[in-house]
Amino acid sequence: MTDQSKQDLRCFHCGLPVPDGLELSVEIDHQAQPMCCKGCEAVAMAIVAGGMESYYQYRTEKSTTAKELVPDMLRQTEVYDREEVQRSFVRQSDENIREASLILEGIDCAACVWLNEQHIKGLPGVLEAQVNYSTHRARVAWDERKIKLSDILKAVAEIGYIAHPYDPSQHHQILEKQRKDYLKRLGLAGALGMQVMMFSIAMYNGDWWGMEQKYRTFIEWVSLLLTLPVFLYSGWPFYRAAWRDIRHRRAGMDVPISLGIIIAFGGSLYAMTGAGGHVYFDSVVMFIFFLLTARYLELVARKKASEHTEALIQSQATTAIRELSGNETEVVAAQELEAGDIVQVRPGETIPSDGEVIEGRSSIDESLLSGESRPCLKQAGAKVIGGSINIESPLRIRVTEIGQETVLSTILRLVERAQSEKPAIARLADRVAGHFVAAILLLAVVVAIYWYLKDPTQWLAITISVLVVTCPCALSLATPAAITAATGTLIRQGLLCSRGYALETLARVNHFIFDKTGTLTDGQLEIIQVLQLSDDLSEDACLLQAASLEALSEHPVARAFIKSCKTGLLAVDNLSSTPGSGLAGRINGKQFFLGSMQYIQQQTGLELKDNQSNRLEPGSRVLLSDQNDLLAIFVLQDAIRDQAAPLIDDLRQAGIQSLLFSGDDETAVSLVAEKLGIKDYRSSMLPADKLQQLRALQQQGATVAMLGDGINDAPVLAGADVSIAMGEGARYAAAAADMVLFRQDLNVIFRGVTTARKMMRVIRQNLSWALAYNIIALPLAAAGYIQPWMAALGMSASSLIVVANAMRLTK
Amino acid sequence: MEIIFYLIPIALVLVTAIVAGLFWAVKSGQFDDLEGPAHQILMDDEIYPEKTDKEKQQEK
């Protein structure tokens, strides 16, 4: 095999490059396929042995690499067999039959769903297994006498996925129940509404051409029969919300909606009892159907947002290894830990709770919590935060804080508080609508009294005409219809709105605050400069030595080296690593050192001269040396996303000023700001500083949007007028954000802004049309020129026009 | 036009059936996952033989 073909060799299972000299393969579909590690080999063999080779044929994404996952998972699953741990997530339907919801990690195409279902179903003792593709959740029922839950979890791990229990006492579960509930109400309104509309067309015809009374009466009664369930059951959420508003002395949007429905229904009933006049059952059902549709779509969007967040919160450290007296250890659930317990955390594991390192030395990735992009070194005596990830070596940690006291809980509380302080634009809209409805009611009363005195036979018909014609139907549909259409369009492009007012605010935004790490940059280190210090080795050769030394490390720095090395790696002997500082090893009989300046100095006594270092770009520095000479300096930087610069440009042209707030140091931040053309940037900011600066901007009258990632941004996100969280790294931030960007594509942000502005244009058109219609129709109705049936027709037509106009946004 | 006195009640019965069907569908989870089944029809070959009723009895 030549060098060229070797470097192109990628693992058939996960798609990662196959390390040099490794010859693992599995026969899939009568052909030997290369594997990158023992883990992938085991997974692929399990899949083939199970006769599920067609998975490889149908999958659309490469699988998650099995390298580190499997052994750790297997060790921890047994804790889930214990009764007290199971209590929170397992349902017992029979004495021995149990059922649980599991979250599956690593599912990214339909073939994964099939593979998991087939694999779990095939286990003896499993009665049922269903995997939901949209939510990545599996429902499994099993016979406790034949199989343990841990065996099922292990079986899932065997094929390369991670399953962990899902606690159903969650926000998400409530939303799902609500969604089903709404779906039923909506379906009922739609099915019965169609019938009522059909009959009402017959009656409009009857008004025009004449109709025998017995048919009219019959159709009226049938319409009443059909409308009654819609009125009572489908309309119920509106009445409940309206009642809540009234009890709190607020005039919410649900009050006019409920009033409109109830008066139209009541008026129709009154007309049927012999008072004469028209019935408006068609208006009632249509009104309820349209409004429910808008609510339903909003609910679905909200549910989708919460799913992603909660799955990730759940996936945080669920188990811990606690030390017992002597040399024994036990695996316990993270919630069972108490202050003072001593736990062991292995490389790659999440730290279960806040604590203090008592033994060991390792890099910890706190990026989710502190926003610091580089892992920081912790040794005995250092504090660690629960939820951060141990990267390199095992640690022993004494738990200091638990439950509500941990940093993670505190940040989550901050988010909650900031959310309650949110400027509620939606409330303003409701207040305006409240005034509008109060004015209509007042007017209706005046009209009723006037006509009652002038012509008692006509007063009811005219009053109903006024109420129907001015029914804020088109007016109240104007905004939600446009918002729903725009929201739907953006979801398809990867931007999700979890709040109704997010787009409304986004259209008015004139300042855009960006976080740096993981937002404008992709959070991955990259080598941007190689400075050759000796003539012995060329730049490429230096890179090759360095990458070979780092080949086995999972550290982000190592990944940067391996990524930029273009040739096959060399074999290393006597590799020794000092976590957080550097590596040393023997390549072709020659000793090399790779690490920070300090490390190189300690190991070799060599020092960097000033004239060598002032030619360097800013960024983190890594040095390569042998026993006698410094060979090269590598400068590493967080790579800026390709779409970042066009986004800032587009925003500037749209009249939006971009700002960069970051927790990183001045040099790193100024470099990114300069490259992107952001004039206003601030560095070394704590979350509290960011929030303060943001409040200051808002006090100067700015409407601020914030794009962020990571939990440290969560309080700031919640304080911004409209906040967007980046999906992949967002996790907790997504809970506080108004919008979530699911694709790592910044272009979508600008598309969001344009769509939001277009949406506002449509809303303005809709509102002016609805108002113009009302202004023309109202005096005519009040003067008695409009029959109720004309009023109903006019109202329906005006609503349809509004909806049709909104639908333009879906294109 | 007397016929509508028969036809409309028939329509009502049909509509009731439709609504009942819809409620059943929602309750039994037909609307839980709107994406997955579209892909699943492409790979429906069961590799494990369906468990017979007798086996199911035994497992319980």
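Which chain is which? The protein sequence lines are A and B, in order. For what it's worth, this note's numbering labels the leading residue of the first sequence as 64, then goes sequentially. For what it's worth, this note's numbering labels the leading residue of the second sequence as -16, then goes sequentially. For every residue, glycine included, the Cβ atom is placed at its ideal position computed from N, Cα and C.
Listed by position along chain B, the residues whose Cβ is nearer than 8 Å to that of A/Gly250 are Val2, Leu5, Phe6, Val9.
Under the DSSP definition of a beta bridge, A/Arg649 partners with A/Asp636, A/Gln654. The bridge partners DSSP lists for A/Leu723 are A/Phe577, A/Tyr744. If only uninterrupted alpha helix (DSSP H) runs of at least 4 residues are considered, those enclosed by the region 803 to 863 of chain A are 810 to 845. Between the region 575 to 585 of chain A and the region 665 to 674 of chain A there are fewer than three C-beta pairs closer than 8 Å, too few to call the two in contact.
Interface flag for B/Ile(-14) against chain A is unset, since no Cβ pair is found closer than 8 Å.
A Cβ of chain A is located within less than 8 Å of the beta carbon of B/Leu25. When CB distances to chain B are screened at a threshold of 9 Å, the residues of the region 282 to 314 of chain A falling below it are Ile282, Val285, Leu288, Leu289, Pro292, in chain order. The three-state secondary structure of A/Ile448, taken from DSSP, is coil. For A/Lys277, no beta strand (DSSP E) encloses it; the enclosing alpha helix (DSSP H) starts and ends at 276 to 292. As the crow flies, the alpha-carbon of A/Ser862 is around 8 Å from that of A/Ala541.
For the pair A/Arg248 and A/Cys175, the CB atoms are not nearer than the 8 Å cut-off.
Taking the Cα positions, A/Val732 is about 7 Å away from A/Tyr744.
Comparing alpha carbon positions, the residue from A/Phe724, A/Ser639, A/Met349 closest to A/Ala751 is A/Phe724. Residue A/Gln595 holds the alpha-carbon nearest to the alpha-carbon of A/Asp692 among A/Met274, A/Thr552, A/Asp727, A/Gln595.
A direct Cα-Cα distance of roughly 27 Å separates A/Arg303 from B/Gly4.
At a cut-off of 8 Å, the C-beta of B/Val(-4) has no neighbouring C-beta in chain A. The three-state reading of DSSP puts B/Ile24 in helix, counting H, G and I together. Collapsing the DSSP output to three states places A/Thr356 in a helix. Taking C-beta separations shorter than 6 Å and ignoring five residues to either side along the sequence, the partners of A/Cys99 in its chain run Cys74, Leu79, Val81, following chain order. In the structure shown, A/Cys99 falls within a coil segment according to DSSP collapsed to helix, strand and coil.
B/Ile(-7) is outside the set of residues whose beta carbon lies under 8 Å from a beta carbon in chain A.
Of A/Tyr515, A/Leu757, A/Gln762, A/Asp598, the smallest CA-CA separation from A/Pro778 is found for A/Leu757. Between A/Leu632 and A/Asp83 the beta-carbon gap is near 5 Å, inside 8 Å, which marks them as a contact.
By the criterion of a C-beta distance shorter than 6 Å, A/Lys211 is surrounded in its chain by Asp144, once the five residues flanking it on both sides are discounted. Residues Leu400, Glu401, Ala402, Ser416 of the same chain have their beta carbon placed closer than 7 Å to that of A/Ile465, with the five preceding and five following residues left out of the count. Separation of A/Val508 and A/His574 (C-alpha to C-alpha, rounded to the nearest whole angstrom) is 47 Å. Counting C-beta pairs with one atom in each stretch, the region 603 to 612 of chain A and the region 817 to 830 of chain A have fewer than three that are closer than 8 Å, which means they do not touch.
Listed along chain B are Leu5, Phe6, Val9, each with a C-beta nearer than 8 Å to that of A/Lys247. Ranked by Cα distance from A/Asp598, the first of A/Ile554, A/Ala695, A/Tyr513 is A/Ala695. Interface residue (Cβ-Cβ distance to chain B less than 8 Å): A/Asn195 is classified as such.
One Cα belongs to A/Leu238, the other to A/Ser688, and the distance between them is close to 59 Å. Between A/Ile711 and A/Leu739, the alpha-carbon positions lie close to 7 Å from each other. Just measuring C-alpha positions, the residue of A/Ala201, A/Ile454, A/Pro187 sitting nearest A/Gln193 is A/Ala201.
By the 16-neighbour rule on beta-carbons within 10 angstroms, A/Ile741 is buried. With a cut-off of 8 Å on Cβ pairs, the region 210 to 224 of chain A is not in contact with the region 836 to 852 of chain A, counting fewer than three such pairs.
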